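So the sequence shown is residues 991 to 1175, counted in this note's numbering.
Read the structure below first, then the notes.
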Amino acid sequence: MAKYDKADLERRMRGAVEALRHDLGGLRTGRANTSLLDPIMVEAYGQRMPLNQMATVSAPEPRLLSVQVWDKSSVGPVEKAIRSAGLGLNPINDGNTLRLPIPDLTEERRKELAKLANQYAEKARIAIRNVRRDGMENLKADEAKKEISEDERKRAETEVQKLTDECIKAADEVAAEKEKEILGR
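Put into structure tokens, the structure is as follows:
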């Protein structure tokens, strides 16, 4: 049976672009947005859990996030995870609620966030290229098993490369848009 599956490769490559969009949504641009805390993982109950599975996150004001922790014993780990996430947020503990004032973005912080956005984009490009590599290896394996001819392999490799180029271009566009938003241009 042939290992090469174009639909699966396309799904995985487009998934990398969507993951990039999700990650970039967590980068703040100076206003409160609940998706800012989406990437945060909390060490609690002996495992790492997403913050949104331990607390309710809301934006009651344009420059303030509120994190209502469900279990009082988890307030400390949630606060620690937010501080160590590298988002420049300093939680204020108010019982079961953590208030996160969103500070103004300085030019230096904007540049740091733009750099972080580019790192996310590079991870997405690497993921896309890894999917391409898997597809190419599957094509070669199919050819070695005599399931496809050399011409079919070359034609499919061209399709895989075209898809790769499209997805990398999409990732670059998403990253450029976010960088523009962060730098305020």
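Beta carbons: idealized from backbone N, C-alpha and C, even for Gly.
Small disclaimer: the values here were computed from a predicted structure and weren't measured.
| Asked | Found |
| --- | --- |
| 8 Å contact criterion, which M1044 and V1007 should meet: CB distance rounded | Actually they do not touch by this definition, with Cβ atoms about 29 Å apart. |
| Contact set for V1059: own chain, Cβ-Cβ below 8 Å, skip 5 residues either direction | M1044, A1045, V1065, V1068, N1086, T1087, L1088 |
| Other residues of its chain near K1062: CB distance less than 6 Å, five sequence neighbours each side excluded | N1086 |
| Rounded straight-line distance, which links the Cα of I1082 to that of R1033 | Residue identity differs from the one stated: residue 1033 is Glu in this sequence, not Arg. Whole-angstrom Cα-Cα distance: 19 Å. |
| Local Cβ density within 10 Å of N1120, reported as buried at 16 or more and exposed below that | exposed |
| Bounding residues of the beta strand (DSSP E) (the contiguous stretch that carries P1052) | Where P1052 is concerned, there is no enclosing beta strand (DSSP E), given that its DSSP letter is neither H nor E. |
| Alpha helix (DSSP H) segment containing I1082, residue limits | It is not in any alpha helix (DSSP H) - I1082 instead sits in the beta strand (DSSP E) that spans 1082-1084. |
| Residue range of the unbroken beta strand (DSSP E) whose run includes L1088 | 1087-1091 |
| Identified DSSP bridge partners for P1040 | M1031 |
| Segment contact flag, the segment 1122-1131 with the segment 1142-1149, C-beta cutoff 8 Å, min 3 pairs | yes |
| Rounded straight-line distance, which links the Cα of G1015 to that of D998 | 25 Å |
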